[in-house]
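Note sheet for the following structure.
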Amino acid sequence: MTNKIQWEFPQALEDEAIYILRETAAQFERPAILFSGGKDSITIVRLAQKAFYPGKVPFPLLHIDTGHNFPETIQFRDWLVESLGLDLIVRNVQDSIDQGKVQEETGKYASRNALQTVTLLDAIEELKFDACIGGARRDEEKARAKERIFSVRDEFGQWNAKMQRPELFDMLNGKIHLGENVRVFPISNWTELDVWNYIRRENLQIPSIYFSHEREIIERDGMYWPYSPFLNTTEEETPFRQKVRFRTVGDMTCTAAVISEADKLEDIISEILEAKISERGARIDDKRSEAAMEKRKQAGYF
Amino acid sequence: MEVLRITTSGSVDDGKSTLIGRLLYDTHSIPQDKMEALHAASKRKGLDFTDLSLLTDGLVAEREQGITIDVAHIYFSTPSRKYIIADTPGHIEYTRNMVTGASNAQVSLILIDARKGIVEQTYRHFFIAGLLRIPYLVVCVNKMDLVEYSEARFNQIVEDFQQMIASATFKAPSIKFIPISSLYGENVAARSEKINWYSGDSLLEYLEQITFDHADNSHPARFKVQSVIRPKTEAYHDFRGFAGKVVSGHFNVGDEIISLPSQQKSKIKTIEQFETQLTTAEARQSVVITLEDEIDTSRGSMLSKPENAPSLLKEISAQVCWMDQQKLVPGKAYLLQHGINRVKAKVQLIEHVIDVTSNKILEDKKELGLNDIGKITLKTAHPIFADSYDVNPANGAFILIDEFSNSTVAVGFVA
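So the sequence lines, in the order shown, correspond to chains A and B.
All residue numbers in the first sequence are consecutive under our numbering, ending with 1249.
All residue numbers in the second sequence are consecutive under our numbering, ending with 774.
And the structure:
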C-alpha cells in the first residue's frame, strides 16, 4: 500500500470540533482562543465562526507576542481580526522580561519560546480566563497523544499526566475549582494533513510564509534557520538567499524552513503527502531532548 | 471520507505497541525523522532491531517501564479512510482506561500471544467490548512466528475463544480471527506467505472493508441543544436557532418535534450548517435548528419526535464502571452528567459487582472501588431523557462527577 492521496477532509472532525467549541462557550465563564497566527489557530478561528453563526464568535483571541514573530504573521493576525470583527488581546514577553519575571536566554540557541509560558500564565491570571482554546493536535508529538480534549491545569498552569480525567463518549467535564483553568483542544483528532485539507476546502487565507518565497537563511545542524536580528549567529554562519517555506509558524528563532517551490495549497498538500520529515521535526524547540514537549507541557506550555 | 475508531488493549508483552507501530510503518505513516529517532532509541536500549513499539509509549514513566499507562491516540490514513486508534493498557488496574478508550470505538482489537493463548486479560477485554456493545471485534493471534506458524495452535485458540463467547451473558459482536506476526509484519498490512494455510484477509484488509452501520440513523431521533443562538443584529433580528448535535437518528425540515422537558411541540423550519441550508441532519452532525413556533427550549433541552420520545427517568438502573480512587459512597450526592445535562443524583443501592475476568456476579460484594464494574440504582433530582444503552447507545450513557473534587468518577450505562 502506498501513501496515496488523501484529499478529502473527514467531515466528522469538523462536527466534533464545533460540538467541543459550543461546550466550551457554555461550560465556562471566560474562555479565550490562544492565537499564534499559525494554521492550527486559524483553523480554530474558522471553526468558532461556524459554530456560532449567525451569532458572533464568543471568545476573544489572546496572542502571546514574543517579539520574535515573523512580521508576516503579525500582519496576517491584524488582517484576520479586522476582517472577522474579532477581539484581540496581546501580551508581550518583553514585558515579562522587563518585569524581571523571566530572563532572556543567551548563546546561539537563545529563544523566547520557553519564556512565553510565563507571559501566558500571567495573562490567564490577569484576564481571569478559565478556558483557553488551543490548536494542539495529538498527532504532533508523543506527549500530546495523551492529552485530553478538556485538559485541567492547576493554579500554576501545570499539566499532570497521571491525574487526567477520563473522557468518555462525547461527555466533557469542565468543572474546575477557583484558580484552575482548562486547556481546550477541539482539533485533537486532526492530523497535519486534515488541517491542510480543511484550509483548502474552506478556502482560508494563511500567512504568506507557508508558501514558497525567497529569504535569507543560514544552515545549522542540518536545518535551515531564518536569518533575523533575533538569531545569534557565529562567524562561520553566513546567510544566503534560498527559496523556502515554513511548515509551522513559531518564532523566528525556533522554526526551521524547508526548501520548497510549493506556492499553492495543492502543492503544499502534495508535498506533505510525500514529506519525509514530520511537522515538528522542523521545530528546533523539540530537539532539546526526547521528553522536551512533556516537560514543557507540565510547566504550563501550550 | 469516513473515520474508523479502533480501541486496542493488551498485556505488557503481547506485542500491541509493535502491532500499531507496524500498521503505521506499513501505511507509510512514520516520517523519516521519527524513524531515525526510533533507530537511535532502539540502539540506546541495546536492541539490534528497530523497536516500533517505542513509537507509541509517550510518557517518560511509560518509556522507563516499557508499558502503556494512559490512553494514547494514534492516527493513520489509507486512501479510503482515516483511522484513529485509542491505545490502552491491559492490566486490571487500568480497566478504567480500557473503558475510556473503548467508549468511542467501532472496532475492538484484541491481541493474543500465540504461545500463551487465552489469558486472564483476554476475558477482561472481551467483557469490556461486550459491556460497551462495540460492533466489531478483531482477535489477532500474534507472535505466530514463535509457534512456527502452526495452524493447529491457531485453531486451538479460536476454539477456546468461541467457548468464551458461548458463556458470555451479552450479545456477541461480529468477530474475526487473524493469525499475525506483528514483529515481521505477517498478515498486518500485507497477506502473509508464511501463513499459507490461512486464506483470509490481513488485518488492514479486514479493517478497510468494515462497513459502517449507520445504525444511529435507524435509532430514534435525538438532538441535544447546546445553546440558543440569538444574534440580535439587524440582519438576524428575529433569529432564534438551537445549536447542538444530533445524538442519534435523523431530522428533516418539516418534521414535527417535541422538546423535553417542556413537552411543547413544533415543526422544524430550517436546519443550518453555517451558511448552508440542509434538508436533513444525521447522527453526530453539529447543526443549528430553527423551529416554526416559539417554544420553551434552551441549553440542555432535547428535541425528539412525538412518536418515540425518550422516557423521563428519575430512578435509574445502570451498569457502572468506577474510575476513582475514592470508593462509591451510597447516599452521597454526585452530579450525573447525561450528554450535556447535569443533575444531582444519589446512589440508592449497589445491586452487585461483576468479576470482569470470570464474568461472574459477586452477590456478596457490595462496594465499588477503582476499576470495579457493577450494577447500581440511582435517583436523580430532575429527570434525564435517556434511552437504554442496549437500545440506543448514543443516548444511554452517563458519567458521575464528584462535586468536591470535580473528577469524573464513573461511567454508567442505562439498563
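Think of the CB as a built atom: it goes at the ideal place given N, C-alpha and C, for glycine as much as any other residue.
What you are looking at is a predicted structure, and each value in this text was computed from that prediction instead of being measured.
Straight-line Cα distance separating residue j from residue i
i         : j         : result
Ile516/B  : Phe1017/A : 60 angstroms
Glu615/B  : Lys626/B  : 4 angstroms
Asp1198/A : Glu1029/A : 23 angstroms
Leu491/B  : Gly1047/A : 54 angstroms
Pro665/B  : Gln622/B  : 9 angstroms
Thr949/A  : Lys402/B  : Legend: pLDDT at Thr949/A = 39, less than 50; position of this residue unreliable, value from coordinates given subsequently. One C-alpha to the other measures close to 28 angstroms.
Thr454/B  : Asn730/B  : 5 angstroms
Thr367/B  : Gln1050/A : 45 angstroms
Ser586/B  : Asp392/B  : 44 angstroms
Ile451/B  : Gln480/B  : 8 angstroms
Gln465/B  : Thr1185/A : 55 angstroms
Trp954/A  : Asn1144/A : 6 angstroms
Phe956/A  : Arg1148/A : 8 angstroms
Tyr508/B  : Trp556/B  : 9 angstroms
Leu301/B  : Ile713/B  : One cannot answer for residue 301/B here, as it falls past the ends of chain B, which runs 360 to 774.
Tyr966/A  : Ser551/B  : 42 angstroms
Leu378/B  : Leu411/B  : 8 angstroms
Lys951/A  : Ser439/B  : Residue confidence for Lys951/A is low, a pLDDT of 49 falling below 50, so the modelled location carries little weight; the figure read from the coordinates is stated next. C-alpha separation (whole angstroms): 10 angstroms.
Phe757/B  : Glu1019/A : 47 angstroms
Thr716/B  : His484/B  : 9 angstroms
Phe1187/A : Met1170/A : 13 angstroms
Ala445/B  : Ser1135/A : 13 angstroms
Leu1068/A : Glu1087/A : 23 angstroms
Thr437/B  : Asp1117/A : 25 angstroms
Ala973/A  : Asn751/B  : 26 angstroms
Trp1070/A : Thr1064/A : This sequence places Ala at residue 1070/A; Trp is not what is there. The alpha-carbon atoms of Ala1070/A and Thr1064/A are separated by roughly 10 angstroms.
Thr386/B  : Phe435/B  : 7 angstroms
Ser540/B  : Asp749/B  : 35 angstroms
Arg1130/A : Ile443/B  : 22 angstroms
Glu564/B  : Gly449/B  : 25 angstroms
Ala594/B  : Ile1036/A : 28 angstroms
Ile980/A  : Thr990/A  : 11 angstroms
Of the residues the options, the one placed nearest residue i, counting alpha carbons only
i         : options                                : result
Asn501/B  : Asn463/B, Val773/B, Ser376/B           : Ser376/B
Ser766/B  : Glu1183/A, Asp1042/A, Lys1122/A        : Lys1122/A
Glu651/B  : Pro532/B, Val770/B, Gly600/B           : Gly600/B
Ser670/B  : Ser541/B, Ala473/B, Val773/B           : Val773/B
Thr629/B  : Ile617/B, Thr528/B, Phe610/B           : Phe610/B
Lys1093/A : Thr1138/A, Asp1077/A, Gln1111/A        : Gln1111/A
Ile617/B  : Ala602/B, Thr649/B, Met661/B           : Met661/B
Ala692/B  : Ser526/B, Asp761/B, Ile720/B           : Asp761/B
Val1191/A : Asn1179/A, Trp1172/A, Thr1181/A        : Trp1172/A
Arg364/B  : Arg581/B, Ser462/B, Leu672/B           : Ser462/B
Arg581/B  : Glu710/B, Glu641/B, Leu397/B           : Glu641/B
Pro689/B  : Leu672/B, Ser577/B, Pro448/B, Lys734/B : Lys734/B
Phe763/B  : Leu1125/A, Arg1162/A, Glu1072/A        : Leu1125/A
Pro590/B  : Gln1105/A, Arg977/A, Phe999/A          : Phe999/A
Leu994/A  : Arg1059/A, Ile1021/A, Gly1081/A        : Gly1081/A
Ala706/B  : Leu468/B, Asp723/B, Lys673/B           : It is worth fixing the name first, because residue 706/B is Val in this sequence and not Ala. Of Leu468/B, Asp723/B, Lys673/B, the residue nearest in Cα terms is Lys673/B.
Phe598/B  : Gly374/B, Glu631/B, Gln678/B, Arg701/B : Glu631/B
Thr1200/A : Tyr1174/A, Glu1183/A, Arg1194/A        : Tyr1174/A
Thr447/B  : Asp1101/A, Trp1106/A, Pro1113/A        : Pro1113/A
Beta-carbon separation (whole angstroms), residue i vs residue j, contact threshold 8 angstroms
i         : j         : result
Ile1164/A : Gln1189/A : 5 angstroms
Gly369/B  : Leu470/B  : 4 angstroms
Ile709/B  : Glu726/B  : 7 angstroms
Val458/B  : Cys680/B  : 5 angstroms
Val992/A  : Leu1027/A : 7 angstroms
Asn667/B  : Pro579/B  : 4 angstroms
Leu562/B  : Ile534/B  : That pair is no contact at about 14 angstroms.
Ile1146/A : Lys986/A  : 6 angstroms
Strand pairing of residue i, partner residues [DSSP]
i         : result
Val712/B  : Leu721/B, Gly733/B
His1160/A : Val1191/A
Gln632/B  : Thr635/B
Ser1098/A : Arg1130/A
Gln698/B  : For clarity, residue 698/B is Gly in the given sequence; the question names Gln instead. Per DSSP, none; premise fails for Gly698/B.
Legend entry - Contact set between the region 1068-1095 of chain A and chain B, restricted to residues whose Cβ is under 7 angstroms from the partner: Arg1085, Asp1086, Lys1089, Ala1090, Ala1092, Lys1093
Inset, instruction - For the region 552-570 of chain B, enumerate the residues whose C-beta is nearer than 9 angstroms to any C-beta of chain A, in chain order. - result: Leu563
Inset, instruction - Can you give me, in chain order, the residues of the region 449-472 of chain B that have a beta carbon less than 8 angstroms from any beta carbon in chain A? - result: Arg455, Asn456, Val458, Thr459, Ser462, Asn463
Legend entry - Interface positions of the region 651-673 of chain B facing chain A (Cβ-Cβ less than 8 angstroms), listed along the chain: Arg658
Legend entry - Residues from the region 997-1029 of chain A in contact with chain B, defined by Cβ distance under 8 angstroms: Lys997, Ala998, Phe999, Tyr1000, Pro1001, Gly1002, Lys1003
Legend entry - Interface residues of the region 955-966 of chain A facing chain B [CB-CB below 9 angstroms]: Glu955, Phe956, Pro957, Gln958, Ala959, Leu960, Glu961, Asp962, Glu963, Ala964, Ile965, Tyr966
Legend entry - Contact residues within the region 758-771 of chain B, judged by C-beta distance below 7 angstroms to chain A: Ile758, Ile760, Asn765, Ser766, Thr767, Val770
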